[in-house]
Each structure stands twice: as structure tokens, then as C-alpha cells.
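>
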Amino acid sequence: MRLHKLTLTAFGPFGASQEVDFDALSSAGIFLLHGPTGAGKTSVLDAVCYGLYGAVPGARQSPGTSLRSDHAPLDRPTEVCLELTVGGRRLEVTRRPAQPRPKKRGGGFTTEKAQSLLREHDPEHGWKALSRSHQEIGEEIGGLIGMSRDQFCQVVLLPQGDFARFLRADAEARGKLLGRLFDTRRFAAVEERLADLRRAAEARVRTADEQILALAQRIAQAAGPAADEEAPPEERPGEPGLAEGVLQWAALARSGARERLDIARCVLAAAEGRNASARQAFEAERELARLQQRYEETRRRAAGLEARRAERDRCHDQLTRARKADLVAPALELREETGRAHRTAVATRERSRAGLPPELAEAGPEQLAGMERRLRAELGALDAARRAERRSGEIDAERAGLERQSRSDDDTIHEAAQWLAEWDAAHRSLRDRIETAQDAATRAEQLAGRLDPARRRLEAARRRDALGAQEETAAAALTAARERAVDAHERWLTLREQRLRGIAAELAGQLVDGVACTVCGSAEHPAPARAEDGHVDRATEEAALAAHQRADRARAQAESELGVLRERLAGARAEAAEPQDDAGATGPRDRTAAGVAELRSVVDRLTREHAEAHRVAAGTHAAREALAAAEREHAGRLDDRQQAERRAAARTSQREALDREQSALKAELVKARGASASVAEHAALLERRAVLLADAADALRAEQDAAERLKEADGRLADAAFRAGFDTPQAAAAKLLDDTAQRELQHRIDAWQTEAATVADRLAEEDARSAADRPAAEPDAAQAAYDLSVEALRDGAAAHAAAQERGTELGRLSRLAEDEVRALGPLRQEYERVARLAGLTAGTSADNERKMRLEAYVLAARLEQVAAAATARLQRMSSGRYTLVHSDERSGGRRAGLGLHVVDSWTGRERDTATLSGGETFFASLALALGLADVVTDEAGGVRLDTLFIDEGFGSLDDQTLDEVLDVLDSLRERDRSVGIVSHVADLRRRIPAQLEVVKERQGSAVVHRAAGTLSG
309 MRLHKLTLTA FGPFGASQEV DFDALSSAGI FLLHGPTGAG KTSVLDAVCY GLYGAVPGAR
369 QSPGTSLRSD HAPLDRPTEV CLELTVGGRR LEVTRRPAQP RPKKRGGGFT TEKAQSLLRE
429 HDPEHGWKAL SRSHQEIGEE IGGLIGMSRD QFCQVVLLPQ GDFARFLRAD AEARGKLLGR
489 LFDTRRFAAV EERLADLRRA AEARVRTADE QILALAQRIA QAAGPAADEE APPEERPGEP
549 GLAEGVLQWA ALARSGARER LDIARCVLAA AEGRNASARQ AFEAERELAR LQQRYEETRR
609 RAAGLEARRA ERDRCHDQLT RARKADLVAP ALELREETGR AHRTAVATRE RSRAGLPPEL
669 AEAGPEQLAG MERRLRAELG ALDAARRAER RSGEIDAERA GLERQSRSDD DTIHEAAQWL
729 AEWDAAHRSL RDRIETAQDA ATRAEQLAGR LDPARRRLEA ARRRDALGAQ EETAAAALTA
789 ARERAVDAHE RWLTLREQRL RGIAAELAGQ LVDGVACTVC GSAEHPAPAR AEDGHVDRAT
849 EEAALAAHQR ADRARAQAES ELGVLRERLA GARAEAAEPQ DDAGATGPRD RTAAGVAELR
909 SVVDRLTREH AEAHRVAAGT HAAREALAAA EREHAGRLDD RQQAERRAAA RTSQREALDR
969 EQSALKAELV KARGASASVA EHAALLERRA VLLADAADAL RAEQDAAERL KEADGRLADA
1029 AFRAGFDTPQ AAAAKLLDDT AQRELQHRID AWQTEAATVA DRLAEEDARS AADRPAAEPD
1089 AAQAAYDLSV EALRDGAAAH AAAQERGTEL GRLSRLAEDE VRALGPLRQE YERVARLAGL
1149 TAGTSADNER KMRLEAYVLA ARLEQVAAAA TARLQRMSSG RYTLVHSDER SGGRRAGLGL
1209 HVVDSWTGRE RDTATLSGGE TFFASLALAL GLADVVTDEA GGVRLDTLFI DEGFGSLDDQ
1269 TLDEVLDVLD SLRERDRSVG IVSHVADLRR RIPAQLEVVK ERQGSAVVHR AAGTLSG
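For the sequence shown, the positions run 309 to 1325 when the working numbering is used.
Put into C-alpha cells, the structure is as follows:
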């Protein structure tokens, strides 16, 4: 990673825009960054860190602090722009922090969000934007550099006093710093992961033990009193031996349960024998009580029968007379039915006579029937008149239809006449429409032929303008390339001339005592030439020649690119200047350079005209279809008019025939209607009179028949009552009972007889009579004895079932416990393996002799690499006196692994770094920082760090040590590195010519570049 340029605006103490040219500063290898206290030296380094990571180092990024300069005006935004090369790519990062700015409308301020921009330089196309996302830019820069912000601040921006503290720090503090730099979180994560696995495995083992203990508790509950004979296991969950103890204790519980089951089985057998004897005695006593009670009940029922005998005789007599009256019932029903029929017939006769004329009120049925027949004959004679009346109505309907047809044909003839009167104009309009569409089609083709060339001219004009701008840029680039080529050539010639002037010194540098000189041939060299100030060596000349050749190639490339652009521009101009006809031109236009706006106007006009012509031409088919449809309608109108005229002539003769037929029918109908309004009305009147006569005759006949049937029914009723033994029909009717009453009387009689038979049978039973002669039974005492035996049997059965269930449950729970113990085996093995690994990585295991955690072990290896890399530089700085070594010994009660000692070659003793003096501590810290930078760079994937900064500490060195330190820093140039030293030491300003001075002023700080004999700001 190499820094090229840093631009700060309104950042920290810098109120205005300041530019730091790292390329100029780095050309000398070592440059000095100095200035008064508080001027902003560290702010320059903060700006570098902010440009890369969007944050400044350490506490300067704490909440409440602001990066904006208090010296900057309100309208000048805070901005940092850093240009660098990393990973072979030249990038430019621009960042603006969140900052207040004046509102665009109204007064006050608003907070503007933080902004970022990442650009990359392409040698062919220049700068191109890559991203504006904070996250994407951070990931891109972090991936290229390969270090986090903390690593960058420790490795590149070697901070004030941090490594001195690192030298004197204890193992824990060193571990924190190294952990941040080398990102050993993955090893700490391994420790934590193993600890989590150990806790998880321990939890699974404990859970399994708890399940086994839960089964033990259930076994204790299931075993009951047997569990008290042996104490349960005392081990806790997680302790070894718990599972075996539970299995042994469960076996003892099962043995005790089996003994109690045998005892319960014997007790149950004895209770069953006593219960059988008590049940037999109870059943015998209960049977005796039943027989005694049955005999006593039979005697009570016999006495009750004798008390109900009189009621039984009354019911029997009532039922006998009702059954005799049933013989008269059919005659009574017939008399009632004929009486109702006679009354109905008399009422019907009176209603029918009410509708007859007074002279027919006393007429007989034969007279009424004769008058009906005469009316029916007159109705038959009216059939012909009905047909004539219907035909007359039909003729009226036909004449109305002829009138409607006449009006419809008149409308058709009138409408056809109007339409045909407009036919010629419509026909001409449709013809004109077709011709217009055809002309539009021809014009659309012509416009299409003009539109494509116009569009090509427009595109050529656009290319011409773009290429014109590119030609100007390329011409400027060619001029600059030519100037650079001339400058490079002149520099090469100047350096070559200087080298030739000092060639003697260069040849003298190759002389070796005893070896002949290549110029004079002498083996002695008494006074070899000395190189003067500003001597140019061969490498410098070759570098200038290479720069000259590169500049010349760049010039040739620029000339080639400009020639290609001019050829393309000439082609575009020729194509854009081709003659083109537009709508208002009378001839071809000259080959002039028309403007893009003018050509766009022509193209837009032609496009509109072509679209309009195409739209009109698209209606050709529709116009032709409309003409064909109109011609078809014209022929149809002519035909409709002719048909209507022919139908009108035919209707005239048809109307005359109907009039003649109607006159004849009217004379016939007047005669047939009589006084009625119509034949149908006259026929309806005759029909009503005939129906009245027929109904009256039928009613009179029905009344006479009903009277005969009533008389016959009275005779039959008197005869039936006499034969049944009743004096009058009314007496027989009084004794009638319905079926329900007779069934009720019969049920009473049957019930009494059934009860009498049952009592007689039960009185004849021998066992009941013998039981009645015995002493009274005592079933309650026998019941109590039986209940006691049942309760004893129930208790014995419950005890046996409980013992049997206890044994079954103990067997099941024991099998479950055995399954859990078998499942626990792999879990405990896994726990022991994981616990052994977790203890080893955590440093708590006996196998870990030095009690070092895994992360500390890795950091110790890294610290050992850092000490080896730092020793190479420390020996040069201390003239070979000091060597840094890593120590893994324990100090006090702390763990070992991160000790750091210094070996003094003068004494041969190894001692703690805290015993070094101030100057020794500084150059030891510097060597450690440089060694750490090398190791972290290799750890980060070998990213090259071409620019380093060292902040303060040089004031503690004497002149000789300072020279040695600067020699070490100067040796970094061998790896093409540049080192920036931040210091107040005045002697460094004399020793280091390349300087960046930070000047503190009232309106804000500023930077000034100083080189050997030059000054720039």
C-alpha cells in the first residue's frame, strides 16, 4: 500500500483546503512531519485513517467529538480525499462526515448525512466511480489492505507510547493488543465452543441422571413399603455411580414386592372361602323370607277379590245389555242416514225452485224436463250463427292487418325514396375517401424513403459533435505528452552529460588494489578521482533513459489515438453533410455541416408526416368495405321499394272481397241475436235457463226418493228393536255403548277373573304353606354377615391387585431405568472426551503443563515471530548489544505464554524489558513496532506496506543512537518503503531534508512542503 496524495478540507485544525503530496515526500525515503504542539500533526494521520476506514484512531472517535474544523466558514463542508495504490489498483477515497449545514430555505441548520465516494483510475479511461455505499467501500478497502482499523493504526501509524507500554505491560495487556492485531478471536471462539460443548454435554449427562433419579422416585412410589427396607442411592446428578446404584436399589425393591405378592395371594384365598359360606346362608334366609311374604300377600289378595265381587256382577250385566243393543245399531244408523238425506233433498229442492219463474213453482219434474229439452233444441240452432259471428271477427282482424301492412309499406317506400335521393353524394364521398387513402399510402412510402437518410444524418451529427470534443481532449493530451517527452529527453541528455563529466569518479569507484585499470592499465591507483556533489551514476542515467522512452511511447500512442479520432471525425462530418431534401426544399442542399438541433427538427417533422400519412393510408381497406356495403344497401333499397308497391296493389282486391263477405254476415247475425247484443250472449242466456230447469227437475226427483227411503228405514228400526228385547227403538238407543266403553267393562271382568285364578293357584302352593308355618326369617342379620365377608374379600383382592400391579410397575420402571442407563453410556463418554479437550484449551487441565489457554498459545507463537523480526533491527540500533526473546514462564499466579525479555550481550543476562532506559525503551519499541508490522503484513496475506508513520520518541536518543536508528529506518528503502517521522526534535530537521511542516495560525493550521533547498505550501 502506497499513499500518493491527501486533501483535507475543514478537518480538525485545518480551516481551509490543504494538500499533502506523499509522492514528493516519499521520494527521499524518510520524511519529517513536524510543527508546534497542537498544530495538527496527528490530525494528518487521523485524516489518513479516516479516509481509509471512515473513523479516526482511539479516543478521538469517542461520542461527542467532531471532526469538523471550528475555523472553517459555514458554507465549506468537511471533506477528506485520499489517493493511494493498493493491490495494484490506484484508488481515490472521498469521505464527508455527518455535519451541520445552513438550511436552503429559511434560517437555522440541518444535519447532512455522511457521504463516501470510491473511484479507480484506469490508464485508458481515467477516473471512474465504483461505489457510494459506506459498507461497500469499507469492505473493498478492508479486503485490499487486509487489516482492520486497529491493526492499521498499530502497524502503519505507530502511535505515541503504545509500544513502550507494550514492552512494559504484563501478559494480559499484551494478550489484548496482540489479539486485536492478529484477530485470534477464532481460537477464543474454539475455547468458548469447547466450553459450550462441555456444558451442553454435562447438561445432557445431568439431564439423563435426573431422568434416572426421577425413575428412582417413581420406583419408590411404586414399591410402597418395600422401598423403606433399603435406602435409595445418595449420589447426585452428574456424579459417577448413580446409575449402578439406582439399578441395584430397584432390584431390591422388586424382590420385596414379590414377597408381599405371595402373602396377599394367601390372604385372598381365605377371604374367598369365607365369602362363599356367607353367601349361601344369606341366600337361604332370603328365600324363606320371600316365601313367607308371598303367602301373606296371597291371603290379602283373596280378601280383596271377595270385596270387589258385586262390582264385577254389575259390569257383567251392563256389558250383556250393551251387546244386545248392538244388534239394533245398524237399523238406528240407517234411520239416521236416511233422515239426513231427506232433509238435504228438501233443502236442495227449495233452492232450485227459488231460481224458477213463479208460474213454474208448482210444476212437476216431467214438465220441467220438457221445457229443458225445448231450450236445448233452440241452442243447437244457434251453432251456425256462432260460426258466422266468429268469421265476422276474423274479417275485422284481417282488415286491420291489411291496414298495418299498408302503413309499413308506405314507410318503406318513403324511407327508400329519401335514402336513394342522397345516394349520388354518398357514393362520390366514398370514392373520394378511397382515393385519399391511396394517395396517403404513396406519400407514406416517399416519406419513409426520406426518413431513414435523415435519421442517419442525425446520428452522424451526434457522433461528429462527440468526436469533436474527444479530438480536443486528445489534442491537449498529445500536447502534454509531447511536452513530457521533450522534458524527459532533455533531462536524460542533461544527466548523461553530467555523468560523462564525472565518469572518472565512476571508473575510480570500480578500481581494486592490484588489479589493472581498464583505462590506463596501471595496477596502482595513487589518486583516484572523487565523486563531486550531484554526481550522476549509471542507474540514474538509465532510469532517465527509461523515462524518456516511456514518454516517447506515450507521445506516439497519443498521436496514433488522435489520428484515429480525426479519421472517425472526418467520416462523421462527411456523413452528416450529405444532401437531404425536406418538405419545403425545391432542390438538394449544399454539403454543409448542419446542426444536431436542425437535423432533429427535420427528423421529427418527417416522422410526424410519415405517421399521419400511414394513419390515413391504413383506412384504405375500411373505405373499400364501406363502399361495397353502401352499394349492397342501394340494391336492397331498390328491391324493397318494388316489393312494397306490388304488395299494395294486391291488398286492394283483397280488401274489396272482405267487405262483401262482411255485409252478408251482418244480416244473418241480426236475425240470430234477437234482443241480445251478440249471438254468444243470447246462447249463454238460453244455456243458463236450461241448467236451472234441469237442476229443479233433478232436485224434485231426489226429494221424492229420499222420502220413500226414510219410510222404509223407520219400519226396519221398529222390527229390530222388538227382536232384541227392547220395547221401543229409543230404549235400545239408550243402552248403546261405544267400543271403548265395552272394552273397558270387559277388561274389568277379565282382570277380576285372572286375579281369582292366580290367588287360587298361589294358595295351593305347598312350599309357601310350609314356610308360613316356620318361624319368621331374619334376612338382615344374614345380609350383614355377608357384607362383612364381601368387604374382607374386596380388601384382600385390592391388596393382591395392588401387589401384583406394584410388581408389574416395578418391572416396567426397572426396564426403563436400564434403558436410560444404556443410553447414558455414550453421553458420559462424549462428556468425558469434550471435558478433557475443553480443559486442555482453557489451561485448567493437568495435561496442560504451562496452564496456557489456546488463544494465549497462538499469541505466544505470534509474539515469538515478532520478537525474532524485531531483534534483527534492535541489534543494529543497539550496536549488537540487545536481543528480544519470548518467554513462556509464569509470573506470579498468572498463566504463562506472553512474557517478553531482553538479552544484554554485554552481561550475558536475560532481563525484563521494564529495566531498559528511556532511549533504550524507545528504540526497542521502534524495533518491536517494525517487526510487528512485518509479521502482521505477512499475516494479512502479504499486503505490501510502502508507507509507515512513527509518532514521537526520538528526543530520548543520543546522537549516536539517533544515527543508528535513522540508518535502520533508512534501510527500509531497500524494500521500497517510505517512513514518516512525527517529532519535535530540532536535530531531525537538519538530518531529514524532506519535511512536511504543520503551521499553526489564527485562521487555522496549514501544511508546508519542504525539500532540500525548496519550499512549497
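The beta carbon of each residue, even a glycine, is placed where N, CA and C say it ideally should be.
Need the endpoints of the alpha helix (DSSP H) that Gly1288 sits in, please.
The residue labelled residue 1288 in the question sits at position 980 within the sequence shown. Looking at the DSSP string, Gly1288 is not in any alpha helix (DSSP H); the run it does join, the beta strand (DSSP E), is Ser1286 to Val1290.
> Would you call the CB atoms of Leu390 and Thr315 closer than 9 Å?
Along the sequence shown, one-based indexing puts residue 390 at 82. Along the sequence shown, one-based indexing puts residue 315 at 7. Contact flag set, yes.
> According to the Cβ coordinates, are Leu341 and Phe460 closer than 9 Å?
For this step, residue 341 is matched to residue 33 along the sequence shown. For this step, residue 460 is matched to residue 152 along the sequence shown. Cβ distance not < 9 Å, so Leu341 and Phe460 don't count as in contact.
> Quick check: the region 1180-1192 against the region 1210-1218, are there 3 or more CB pairs under 8 Å?
Per the Cβ contact rule, the region 1180-1192 is in contact with the region 1210-1218 (3 or more Cβ pairs under 8 Å).
> If I follow the unbroken beta strand (DSSP E) through Arg397, where does it start and stop?
By one-based count along the sequence shown, residue 397 stands at place 89. Segment Arg397 to Arg404, the beta strand (DSSP E) holding Arg397.
> Quick one: Cα of Arg1363 to Cα of Ala1237, how far?
This structure gives no information on residue 1363, because the portion of the chain shown stretches from 309 to 1325.
> Relative to the C-alpha of Lys313, which candidate in Leu1304, Ser1313, Arg1310 and Lys1308 has its C-alpha closest?
Along the sequence shown, read from residue 1 onward, the residue named residue 313 stands at position 5. Among Leu1304, Ser1313, Arg1310 and Lys1308, the Cα nearest to that of Lys313 is on Leu1304.
> Let me check understanding here. Comparing Cα to Cα, which of Ala1143, Glu605, Asp821 and Arg809 lies closest to Ala1080?
As a first step, residue 1080 is located in the sequence shown; it is residue number 772 there, counting from the start. When each option's Cα is compared against that of Ala1080, the closest is Glu605.
> When the Cα atoms are used, what is the spatial distance from Gly1201 to Ser1291?
Locating residue 1201 in the sequence shown gives position 893, counting from the first residue. Locating residue 1291 in the sequence shown gives position 983, counting from the first residue. Note that Gly1201 scores 47 on pLDDT, short of 50, meaning its location in the model is unreliable; the coordinates nonetheless yield the value given after this. Whole-angstrom Cα-Cα distance: 40 Å.
> Measuring CB to CB, does Ala1039 end up less than 9 Å from Leu640?
As a first step, residue 1039 is located in the sequence shown; it is residue number 731 there, counting from the start. As a first step, residue 640 is located in the sequence shown; it is residue number 332 there, counting from the start. No.
> Suppose you measure from the CA of Ser441 to the CA of Val394; what does that come to, to the nearest Å?
Within the sequence shown, numbered from 1, the residue matching residue 441 stands at position 133. Within the sequence shown, numbered from 1, the residue matching residue 394 stands at position 86. Distance between the alpha carbons of Ser441 and Val394: 19 Å.
> Take Glu869 and list the residues in its own chain whose beta-carbon comes closer than 6 Å to its own, dropping the five residues that flank it on each side.
Reading the sequence shown from its first residue, position 561 is the one you call residue 869. Contacts found: Ala782.
> Name the two residues that bound the continuous beta strand (DSSP E) containing Trp435.
On the sequence shown, residue 435 is found 127 positions in, with the first residue counted as 1. Element bounds for Trp435: Gly434 to Ser439.
> So which of Asp329, His922, Ile338 and Phe322 has the shortest CA-CA distance to Ile1300?
The count along the sequence shown starts at 1 and reaches residue 1300 at position 992. Measuring from the Cα of Ile1300, the nearest candidate turns out to be Ile338.
> Could you check which residue in Leu786, Leu599 and Ala884 has the C-alpha nearest to that of Ser1078?
Locating residue 1078 in the sequence shown gives position 770, counting from the first residue. For Ser1078, the nearest C-alpha among the options comes from Leu599.
> Using the Cβ count rule (16 or more neighbours within 10 Å means buried), how would you classify Asp1003?
Looking up residue 1003 in the sequence shown gives position 695. So Asp1003 ends up on the buried side.
> Can you look up Ala318 in the DSSP assignment and give me helix, strand or coil?
Within the sequence shown, residue 318 is the residue found at index 10, counting from 1. The answer is strand: DSSP assigns Ala318 an E or B state.
> Looking only at its chain, what residues have a beta carbon closer than 8 Å to the beta carbon of Arg863, apart from the 5 residues adjacent to it on each side?
As a first step, residue 863 must be located in the sequence shown, where it is residue number 555. Result list for Arg863: Leu786, Ala789, Arg790, Arg792 and Ala793, in chain order.
> Considering only residues of the same chain and omitting the five flanking positions on each side of Pro365, which have a CB-CB separation below 6 Å?
Taking the first residue of the sequence shown as 1, we reach residue 365 at position 57. Closer than 6 Å at the Cβ level, and outside the excluded window around Pro365, lie Cys357 and Cys461.
> Please confirm if the region 708-715 is in contact with the region 1027-1038, defined as three or more CB-CB distances below 8 Å between the two stretches.
no
> Rounded to whole angstroms, what's the CA-CA distance from Arg1136 to Arg494? Just pull it up for me.
Locating residue 1136 in the sequence shown gives position 828, counting from the first residue. Locating residue 494 in the sequence shown gives position 186, counting from the first residue. Approximately 28 Å, taken between the alpha carbons.
> Can you give the beta carbon distance from Ala1150 to Arg1141, rounded, assuming they're within the 8 Å contact cut?
Looking up residue 1150 in the sequence shown gives position 842. Looking up residue 1141 in the sequence shown gives position 833. Not a contact, Cβ separation roughly 15 Å.
> By the three-class DSSP mapping on this structure, what secondary structure does Ser1186 have?
Translated into positions along the sequence shown, residue 1186 becomes position 878. Correct three-state label for Ser1186: coil.
> Just to confirm my understanding: we take Gly672, look at its own chain, exclude 5 residues before and 5 after, and list those with CB closer than 8 Å. What are they?
Here residue 672 refers to the residue found at position 364 when the sequence shown is read from its first residue. So the qualifying residues of the chain are Leu1008.
> For the alpha helix (DSSP H) that Gln806 lies in, which residues bound it at each end?
Locating residue 806 in the sequence shown gives position 498, where the first residue counts as 1. Here the alpha helix (DSSP H) through Gln806 covers Trp731 to Arg809.
> By Cβ distance, which residues of its chain are closer than 6 Å to Gly1288, with the 5 residues on each side in sequence left out?
To locate residue 1288, count along the sequence shown from 1; it is residue 980. Answer for Gly1288: Phe339, Leu341 and Phe1257, listed in chain order.
> Considering Cα atoms alone, identify which of Asp331, Leu1096 and Lys436 is closest to Arg427.
Reading the sequence shown from its first residue, position 119 is the one you call residue 427. Here the closest residue by C-alpha is Lys436.
> How many Å lie between Trp800 and Gln857 at the Cα?
Numbered from 1 along the sequence shown, position 492 holds the residue referred to as residue 800. Numbered from 1 along the sequence shown, position 549 holds the residue referred to as residue 857. The straight-line gap from Cα to Cα measures roughly 10 Å.
> Alpha carbon to alpha carbon, what distance is there between Ala1014 and Gln1050?
Counting from 1 along the sequence shown, the entry for residue 1050 is found at position 742. Counting from 1 along the sequence shown, the entry for residue 1014 is found at position 706. Looking at the two C-alpha atoms, the distance is approximately 34 Å.
> Quick one: residues in its chain with C-beta nearer than 6 Å to the C-beta of Glu849, no 5 flanking neighbours on either side, listed in chain order?
By one-based count along the sequence shown, residue 849 stands at place 541. Here the set comprises Leu803, Arg804 and Arg807.
> Closest by CA to Val328, which one among Ser351, Lys632, Ala957 and Ala934?
As a working note, residue 328 is residue 20 in the sequence shown. By alpha-carbon distance to Val328, the top candidate from Ser351, Lys632, Ala957 and Ala934 is Ser351.
> By the DSSP assignment, the alpha helix (DSSP H) with Leu425 in it spans what residues?
Locating residue 425 in the sequence shown gives position 117, counting from the first residue. Secondary structure note for Leu425: it is in no alpha helix (DSSP H), and the uninterrupted beta strand (DSSP E) holding it is Gln423 to Asp430.
> Starting from the C-beta of Arg955, find all residues in its chain whose C-beta is less than 8 Å away, skip the five residues before and the five after it, and write them out in chain order.
As a working note, residue 955 is residue 647 in the sequence shown. Once the five neighbours on either side are set aside, the close Cβ partners of Arg955 are Gln713 and Asp717.
> Between Ala796 and Arg861, what straight-line distance do the alpha-carbon atoms span, to the nearest angstrom?
For the purposes of this step, residue 796 is taken as residue 488 along the sequence shown, with counting starting at 1. For the purposes of this step, residue 861 is taken as residue 553 along the sequence shown, with counting starting at 1. One C-alpha to the other measures close to 12 Å.
> Evaluate contact between the region 910-920 and the region 773-780, counting only Cβ atoms and requiring at least three cross-stretch pairs below 8 Å.
no
> Using CA atoms only, rank isn't needed, just tell me which of Glu1309, Asp1242 and Gln1311 is closest to Met455.
Along the sequence shown, one-based indexing puts residue 455 at 147. For the residues Glu1309, Asp1242 and Gln1311, the minimum Cα distance to Met455 belongs to Asp1242.
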